[in-house]
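Engineer:
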Amino acid sequence: MTAPKIGLIGAGSAGTALILALHERGYPIVGIASRTLAKAQRCARLVDCETFSTDPGAVVPLADALFIATPDDVIREVCEGIANQGGFRAGQIVAHLSGALTSEELEAARACGAKGMALHPMQTFADPQQGAKNMIGASFSLEGDPEAVAFGREVVEAFSGRVFVIPKERKALYHAALCVASNYLVTVVDLAARIMERAGVGKEEALGAMLPLIRGTVNNLERIGLPGALTGPISRGDAATIARHLNAMEELAPEVLDLYRTLGAETVRLAREKGGMDRAEEEAIRGMLKNAK
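All letters in the sequence shown, in the order written, are residues 13 to 305 by our numbering.
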């Protein structure tokens with residue numbers, strides 16, 4: 013079966029990574045449009061595409077499947093603009109890449125007979141080339157019209173990935189979970205680096221020292237899973253060490269104490285699930301975390 017012809021609107025890191033990964037798996041890329049001609053041209057060169065423009069109207073008629081990879085707050089506007097110009101056609105697949113928004117952003121395309129879908133790769137895209145590599149084996153969420161979701165499954169299969177079909181009413185909750193896992197991980201590492209600064213270690217040096225620890229924890233998560241990957245003083249019911257932590261932060265890093273307490277309370281819950289502490293140890297640590305000033 014001939015692979016469908018692919019078009020892209022929005023040649024940022026995520027869109028370019030997706031198109032590059034599709035190109036490397038034999039999908040023909042027929043057009044790239046972006047806000048600046050330089051971005052469209054740069055993306056087009058990566059995928060041997062002759063058509064690039066700042067006008068989506070130059071790309072949409074060429075594609076069997078169109079990916080809108082613009083910022084979330086303009087997906088609907090871009091879709092409506094194309095529809096108002098008569099750009100979509102019946103049976104065409106139109107997808108956006110937002111994790112937080114549903115396929116309802118594409119209602120204008122649906123009104124023209126196109127099939128809409130939200131296809132979200134559960135990955136980060138700091139640069140397109142690495143991002144394209146990250147697509148392989150990644151997990152993707154799909155939500156939308158059955159015909160579009162079927163195409164989405166084919167794409168994910170081409171990437172040797174894993175599919176999660178998320179109901180549209182739960183998309184925001186799904187995206188919040190990913191933000192906690194990815195974005196807030198960086199925040200927690202920054203918090204740890206700031207605490208290390210108060211202990212006399214420079215922030216960059218602290219990050220370098222902690223990265224092997226972080227990698228080890230991620231490896232444990234992959235190998236053992238939850239809650240088994242949990243280690244540390246709370247996991248073994250070591251109330252004395254937690255008391256020392258709290259006393260030190262009260263004196264030297266009071267601005268991070270509230271977050272430490274919140275994370276600690278969640279860690280107590282996880283440790284109980286793992287079976288690493290008894291009821292008395294749990295109550296002692298919970299009391300310390302609750303009463304720390």
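Where is the CB? At the ideal position from N, CA and C, for every residue including glycine.
Figure out for me which residue from Arg47, Thr48, Gly287, Thr28 has the closest Cα to the Cα of Cys55.
Structural biologist: Thr28
Engineer: Short of 7 Å in beta carbon distance, which residues of its chain neighbour Ala251, apart from the five on each side in sequence? Order them along the chain.
Structural biologist: Glu293, Ala296, Ile297, Met300
Engineer: If you follow the beta strand (DSSP E) that Gly143 is in, where does it begin and where does it stop?
Structural biologist: Where Gly143 is concerned, there is no enclosing beta strand (DSSP E), although the alpha helix (DSSP H) it sits in stretches over 140-147.
Engineer: For Ala50, count neighbouring C-beta atoms within 10 Å of its own C-beta (all shown protein chains included) and say buried if the count is 16 or more, exposed if not.
Structural biologist: exposed
Engineer: My output table needs one value for Glu36: the three-state DSSP class, helix, strand or coil.
Structural biologist: helix
Engineer: DSSP three-state call for Ser153: helix, strand or coil?
Structural biologist: strand
Engineer: Between the segment 19-38 and the segment 136-153, do at least 3 Cβ pairs fall closer than 8 Å?
Structural biologist: yes
Engineer: Three or more C-beta pairs under 8 Å: does that hold for the segment 271-281 against the segment 217-230?
Structural biologist: no
Engineer: Work out the CA separation of Asp84 and Arg248 for me, nearest whole Å.
Structural biologist: Roughly 44 Å separates the two Cα atoms.
Engineer: Gly111 and Ser151 look like a contact to me (Cβ under 8 Å); what is the Cβ gap, rounded to whole Å?
Structural biologist: With 8 Å as the limit, Gly111 and Ser151 do not qualify as a contact, their Cβ atoms being about 11 Å apart.
Engineer: To the nearest angstrom, report how far apart Thr170 and Glu36 are at their CA atoms.
Structural biologist: Looking at the sequence provided, one finds Ala at residue 170 rather than Thr. Near 10 Å, if we compare the C-alpha coordinates of Glu36 and Ala170.
Engineer: Tell me where the beta strand (DSSP E) around Phe171 begins and ends.
Structural biologist: Here Phe171 belongs to no beta strand (DSSP E), and DSSP marks it neither H nor E.
Engineer: Kindly provide the ranges of any beta strand (DSSP E) runs that are 3 or more residues long and lie completely inside the segment 202-281, ordered along the chain.
Structural biologist: The segment 202-281 contains no whole beta strand (DSSP E) run of 3 or more residues.
Engineer: I'd like the list of long-range same chain contacts for Glu159, defined as Cβ closer than 6 Å, with 5 residues on each side in sequence excluded.
Structural biologist: Excluding residues up to 5 positions away in sequence, Lys127 lie with their Cβ nearer than 6 Å to the Cβ of Glu159 in the same chain.
Engineer: Could you tell me whether the segment 87-102 touches the segment 52-66, using the rule of 3 or more Cβ pairs below 8 Å?
Structural biologist: no
Engineer: Would you kindly work out how many angstroms separate the C-alpha atoms of Lys3 and Arg256, rounded to a whole number?
Structural biologist: What is shown of the chain runs 13 to 305, which leaves residue 3 out entirely.
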